[in-house]
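Colleague: Before we start, here is the structure in question, set down as structure tokens.
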Amino acid sequence: MATTKAPIDPTKRRRIGVLTSGGDAPGMNGAVRAVVRMAINSNCEAYAVFEGYEGLVGGGDMIRQLHWEDVRGWLSRGGTLIGSARCMAFRERAGRLKAAKNMVLRGIDALVVCGGDGSLTGADVFRSEWPGLLEELVKTGELTQEQVNPYKILNIVGLVGSIDNDMSGTDATIGCYSSLTRICDAVDDVFDTAFSHQRGFVIEVMGRHCGWLALMAAISTGADWLFVPETPPRDGWEDDMCSIITKNRTERGNRRTIVIVAEGAQDRHLRKISSAAVKDILTDRLGLDTRVTVLGHTQRGGAACAYDRQLSTLQGVEAVRAVLDMKPSSPSPVITIRENKILRTPLMEAVKETKKVSQLIEDRDFETAMALRDSEFKEYYFAYRSTATPDHPKMILPDNKRMRIAIIHVGAPAGGMNQATRAAVGYCLTRGHTPIAIHNGFSGLCRHHADKPIGSVREVKWQETDLWVNEGGSDIGTNRGLPSEDIETTAKCFKEYKFDALFVIGGFEAFTAVSQLRKAREKYPVFKIPMVVLPATISNNVPGTEYSLGSDTCLNTLVDFCDAIRQSASSSRRRVFVVETQGGKSGYIATTAGLAVGASAVYIPEEGIDIKMLAHDIDFLRDNFAHDKGANRAGKIILRNETASSTYTTQVIADMIKEEAKGRFESRAAVPGHFQQGGKPSPMDRIRALRMAIRCMQHLESYSGKTPDEVAADEISASVIGITGSQVLFSAMGGPEGLEDTATDWRRRRPKAEFWLELQDTVDILSGRSNWRAGRQTSWGSYESV
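Written out as structure tokens, the structure reads:
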């Protein structure tokens, strides 16, 4: 994730309050931790308002200063540790008057609010009334003019904490992906019993006014049918649903049926569609043994997933920057994310658009309501519809537009490969294209030509892909073999099987393979077909994208691993774990995992390791343990990328720390190895696999009917799909501006410019390491990392 980084003015010493309001959402604790530590790092003081606006109105001990060490261990905690409550008193001016008085008495002149649209609206109203509230407090004698003079301006910054992901202007809200993870875990567990007994399950998920959770759950679990508030089904939906489910069970051989229902689901006449009613239809009409599962508040529980830990941390840091940047005339901002970029958006504009969607749904203007949802939501909905019914007659292309599209996996396995292949196959069948799986990469393709083993290159049917919806790894097989190892045979295979397009899923080897095929077009005209790479690698080191499939699954696995080993230190608490991460010569995984687990230090190949760095960090650890008050028994984590240094290995660093600790603390090396590739892919990797694969298919499809020379003349005909900043785009492999020459560090197998490097500074700031290494002694004492 990229941030809108700006320099901090060290002269702006402020008192910044933070509160969580409305419902709780996983990740809120990460936001509070980030606000507190970034405020302290910026020469400000941080205050927590306990129990939301209730605490602001009540004052007293409900508004307390938080120090650096007070937020240790918060990243891995669920809910909100400073509490959240709905406050009727704050909705009245009298309540806001008390809140203003309490803030002045505490000297707080800025407030970071993490909550939903109602909480954020209340905060903005509070800011707009602020001058009048202070004036009234002086008139009534509650405060003196001298007391209020320093606090004439109140700055408000919003963070959206909501599992529903219902705020306009942002792709994700704090907590939504953690909630989606709970849903997917539950449905994945249901799969086994549904398959065994050939049952149907109706799963009800949260979402009164927004169907994001339901839609993403349907994509992630391969649901047969979906109900969301924004797009109610047409009249007669009961027949449509039963027809699709019958076809899936009889013609496609599905043994299980999953229907996802958002709690706010309704028909086009605003009549509620309940999960119980759907269950009765399936039971009565189809004779299907159907059960209902209402997930309820389990969707809110548990620790935040890796993405929500990163998102809440980066948004909390950006909120403090926004406070320090604000001017009296600046509108209150809300911190948002679009694709992969942290942004500031006018708060009330976002709230206004959010409420407008709800009103349009009430007015039954569903088309406009859907149009006002962000483009990502609409794209996901289209992608789901395109693959949920892969033989829809209205989607079929004429014969002369249909293509034979080869699908191949290249490189190491990564979460999302199967899901991307499943989406591509579903789209191909929907449009009338022929999807052809190449098993075991380019090596498998060439061996097939030589040995003719059965099934190495074959058309894919829908039935076999259905079970790929939640499977990790690569079902069609993958390896690191490249076309250049036998380019002649590769060309013969392309000609023999009459490939019209090539869809390559994989990491840096996949990128290299398409580069080689593109460069070989002059000698082998058979390669003059459209080719696209969908990056899939835990290393996230493919040029042309800031996100690769599998990286989120890897991060979640690493976070779980670090949480578990840190907890193992609870009996001792004086222990440092040096954890070795994968990632090749890219430090992305180590850095982002460090952000998500609150690492004391992260060692990456881009920076390397030297003896001076290690000496500083060992001194830093000594200081940590010397100031440890015993409030937290968890161990400390240092992350080291596997190629950060050939000399200072993971074990060597652990041994050095142990030796220099002189018995005051311990150290251990931990190498999770291929465990980091994960088991079942994370929900983010599942849904992005669908979205990106559909985009790739549409891109390849756009070349239908073009001659080989016309294809080769188009630089974008050999490309990489990726997320760059706030856009999803295709980048050409070759040409004057192509990735091969301008963006690729071929020797180190990574992009020349790595967007995430600035996150290394954030990791150091939030651990206290940056202050320690700079030699800055401050009044806030311990530089505890967690």
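Add 350 to a position in the sequence shown, counting from 1, and you land on the number used in the working numbering.
The C-beta atom is built at its ideal place from N, Cα and C for all residues, glycine as well.
1) Compute the Euclidean distance between the alpha carbons of residue 572 and residue 542, then round it to the nearest angstrom.
2) Between 791, 588, 757, 767, which lies nearest to residue 778 when the distance is taken from Cα to Cα?
3) Does the region 762-770 come close enough to the region 815-829 to have 3 or more Cβ pairs within less than 8 Å?
4) Compare the beta carbon distance of residue 341 and residue 1010 with 8 Å and say whether it is the shorter of the two.
5) Just reading off the beta strand (DSSP E) that residue 785 is part of, what are its end residues?
6) For residue 767 and residue 1067, which I take to be in contact (beta-carbon distance under 8 Å), what is that distance rounded to the nearest angstrom?
7) Between residue 688 and residue 1076, is the Cβ-Cβ spacing less than 8 Å?
8) Which residues bound the beta strand (DSSP E) around residue 550?
9) Quick test of your reading: residue 723 and residue 580, contact by CB under 8 Å. State the CB separation rounded to the nearest angstrom.
10) Provide the residue span of the alpha helix (DSSP H) that contains residue 1116, from first to last.
11) Are residue 1117 and residue 948 touching if we call contact CB-CB under 8 Å?
12) Which two residues bound the contiguous alpha helix (DSSP H) that contains residue 1033?
13) Alpha carbons only, please: which of 749, 806, 992, 520 is nearest the one belonging to residue 958?
14) If you reduce the DSSP assignment to three classes, tell me which class residue 981 lands in.
15) Which of the three DSSP states, helix, strand or coil, is assigned to residue 887?
16) In angstroms, rounded to a whole number, what distance separates the CA positions of residue 1046 and residue 498?
17) Would residue 1084 and residue 868 qualify as a contact pair, given that the criterion is a beta-carbon distance under 8 Å?
18) Compute the distance between the beta-carbons of residue 987 and residue 927, then report whether it is under 8 Å.
19) Measure the CB-CB distance between residue 746 and residue 782 and report whether it falls below 8 Å.
20) Does DSSP put residue 517 in a helix, in a strand, or in coil?
21) Assuming residue 1038 and residue 908 form a contact by the criterion Cβ under 8 Å, report the distance between their Cβ atoms to the nearest whole angstrom.
22) Looking only at its chain, what residues have a beta carbon closer than 6 Å to the beta carbon of residue 1115, apart from the 5 residues adjacent to it on each side?
23) Quick one: Cα of residue 826 to Cα of residue 772, how far?
24) Extract the residue ranges of the beta strand (DSSP E) inside the region 356-443, only unbroken runs of 3 or more that lie entirely within it.
25) Look at residue 567 and residue 595 and say whether their C-beta atoms are less than 8 Å apart.
26) Give the range of the alpha helix (DSSP H) segment to which residue 1096 is assigned.
27) Give me the Cβ distance between residue 862 and residue 884, rounded to the nearest whole Å; I'm assuming they're in contact under 8 Å.
28) Closer than 8 Å by C-beta to residue 598: which residues in its own chain qualify, once you throw out the five before and the five after it? Chain order, please.
29) By Cβ distance, which residues of its chain are closer than 6 Å to residue 1072, with the 5 residues on each side in sequence left out?
30) Alpha carbon to alpha carbon, what distance is there between residue 1101 and residue 892?
31) Residue ranges of each beta strand (DSSP E) run of no fewer than 3 residues wholly in the region 555-597, ordered along the chain?
32) So if DSSP puts residue 853 in a beta bridge, which residue, or which two residues, is it bridged to?
33) Do you know how far the Cα of residue 769 is from the Cα of residue 812?
34) Under 6 Å Cβ to Cβ from residue 1042, same chain only, skipping five residues before and after it: list those, please.
35) Tell me the residue span of the alpha helix (DSSP H) that contains residue 469.
36) Short of 8 Å in beta carbon distance, which residues of its chain neighbour residue 728, apart from the five on each side in sequence? Order them along the chain.
Modeller: Looking at the coordinates:
1) Within the sequence shown, residue 572 is the residue found at index 222, counting from 1. Within the sequence shown, residue 542 is the residue found at index 192, counting from 1. For residue 572 and residue 542, the distance between alpha carbons rounds to 14 Å.
2) Counting from one through the sequence shown, the residue named residue 778 turns up at place 428. Taking the Cα of residue 778 as reference, the smallest distance to any Cα among 791, 588, 757, 767 is reached at 757.
3) Below 8 Å, enough C-beta pairs join the region 762-770 and the region 815-829 to call them touching: three or more.
4) Residue numbering for the chain in the displayed model covers 351 to 1136; residue 341 lies beyond these limits and cannot be assessed.
5) Residue numbering aside, residue 785 sits at position 435 when the sequence shown is read from its first letter. For residue 785, the uninterrupted beta strand (DSSP E) segment begins and ends at 784-788.
6) Locating residue 767 in the sequence shown gives position 417, counting from the first residue. Locating residue 1067 in the sequence shown gives position 717, counting from the first residue. Their Cβ separation, rounded to whole angstroms, is 23 Å, which puts residue 767 and residue 1067 out of contact at 8 Å.
7) Residue 688 sits at position 338 when you count from the first residue of the sequence shown. Residue 1076 sits at position 726 when you count from the first residue of the sequence shown. Yes, the Cβ-Cβ distance between residue 688 and residue 1076 is below 8 Å.
8) In the sequence shown, the residue the question calls residue 550 occupies position 200. First-last of the beta strand (DSSP E) with residue 550: 550-555.
9) The residue you call residue 723 lines up with position 373 of the sequence shown. The residue you call residue 580 lines up with position 230 of the sequence shown. Cβ-Cβ separation between residue 723 and residue 580: approximately 6 Å, consistent with a contact (criterion under 8 Å).
10) Here residue 1116 refers to the residue found at position 766 when the sequence shown is read from its first residue. Per DSSP, residue 1116 belongs to the alpha helix (DSSP H) from 1107-1117.
11) The residue labelled residue 1117 in the question sits at position 767 within the sequence shown. The residue labelled residue 948 in the question sits at position 598 within the sequence shown. In this structure, residue 1117 lies near residue 948, with their beta-carbon atoms less than 8 Å apart.
12) Residue 1033 sits at position 683 when you count from the first residue of the sequence shown. That run of the alpha helix (DSSP H) goes 1033-1051.
13) The sequence position of residue 958 within the sequence shown is 608, counting from 1. Per the Cα distances, 992.
14) The count along the sequence shown starts at 1 and reaches residue 981 at position 631. Residue placement at residue 981 is poorly supported in this model, since its pLDDT is 47, which falls under 50; the coordinates are not used for a value here.
15) Sequence index remark: in the sequence shown, residue 887 carries index 537 (1-based). If DSSP states are grouped into helix, strand and coil, residue 887 belongs with coil.
16) To locate residue 1046, count along the sequence shown from 1; it is residue 696. To locate residue 498, count along the sequence shown from 1; it is residue 148. So the alpha carbons of these two residues sit roughly 59 Å apart.
17) In the sequence shown, the residue the question calls residue 1084 occupies position 734. In the sequence shown, the residue the question calls residue 868 occupies position 518. Going by C-beta atoms, residue 1084 is nearer than 8 Å to residue 868.
18) In the sequence shown, residue 987 corresponds to position 637, counting from 1. In the sequence shown, residue 927 corresponds to position 577, counting from 1. A contact, by the Cβ cut-off of 8 Å.
19) As a first step, residue 746 is located in the sequence shown; it is residue number 396 there, counting from the start. As a first step, residue 782 is located in the sequence shown; it is residue number 432 there, counting from the start. Yes. Within cutoff.
20) Translated into the one-based positions of the sequence shown, residue 517 becomes position 167. If DSSP states are grouped into helix, strand and coil, residue 517 belongs with coil.
21) Start at 1 with the first residue of the sequence shown, and residue 1038 comes out as number 688. Start at 1 with the first residue of the sequence shown, and residue 908 comes out as number 558. Going by Cβ atoms, the distance from residue 1038 to residue 908 rounds to 19 Å, so no, they are not a contact pair.
22) Against the sequence shown, residue 1115 aligns to sequence position 765. Here the set comprises 391.
23) Within the sequence shown, residue 826 is the residue found at index 476, counting from 1. Within the sequence shown, residue 772 is the residue found at index 422, counting from 1. Computed Cα separation, rounded: 11 Å.
24) 365-370, 395-399, 413-416
25) Taking the first residue of the sequence shown as position 1, residue 567 is located at position 217. Taking the first residue of the sequence shown as position 1, residue 595 is located at position 245. No, they are not a contact pair.
26) The sequence position of residue 1096 within the sequence shown is 746, counting from 1. Where residue 1096 is concerned, there is no enclosing alpha helix (DSSP H), given that its DSSP letter is neither H nor E.
27) Locating residue 862 in the sequence shown gives position 512, where the first residue counts as 1. Locating residue 884 in the sequence shown gives position 534, where the first residue counts as 1. With 8 Å as the limit, residue 862 and residue 884 do not qualify as a contact, their Cβ atoms being about 15 Å apart.
28) As a first step, residue 598 must be located in the sequence shown, where it is residue number 248. Only 574, 604, 607 meet the Cβ criterion.
29) For the purposes of this step, residue 1072 is identified with residue 722 of the sequence shown, where counting begins at 1. 894, 895.
30) By 1-based counting over the sequence shown, the position of residue 892 is 542. By 1-based counting over the sequence shown, the position of residue 1101 is 751. Spanning the two alpha carbons is a distance of roughly 6 Å.
31) 575-577
32) Here residue 853 corresponds to residue number 503 of the sequence shown, with the count starting at 1. Answer by DSSP bridge pairing, in chain order: 757, 882.
33) As a working mapping, residue 812 is identified with position 462 in the sequence shown. As a working mapping, residue 769 is identified with position 419 in the sequence shown. Whole-angstrom Cα-Cα distance: 13 Å.
34) Numbered from its first residue, the sequence shown carries residue 1042 at position 692. 884, 1071, listed in sequence order.
35) The sequence position of residue 469 within the sequence shown is 119, counting from 1. Note, residue 469: alpha helix (DSSP H), 467-489.
36) As a first step, residue 728 is located in the sequence shown; it is residue number 378 there, counting from the start. Hits under 8 Å: 720, 721.
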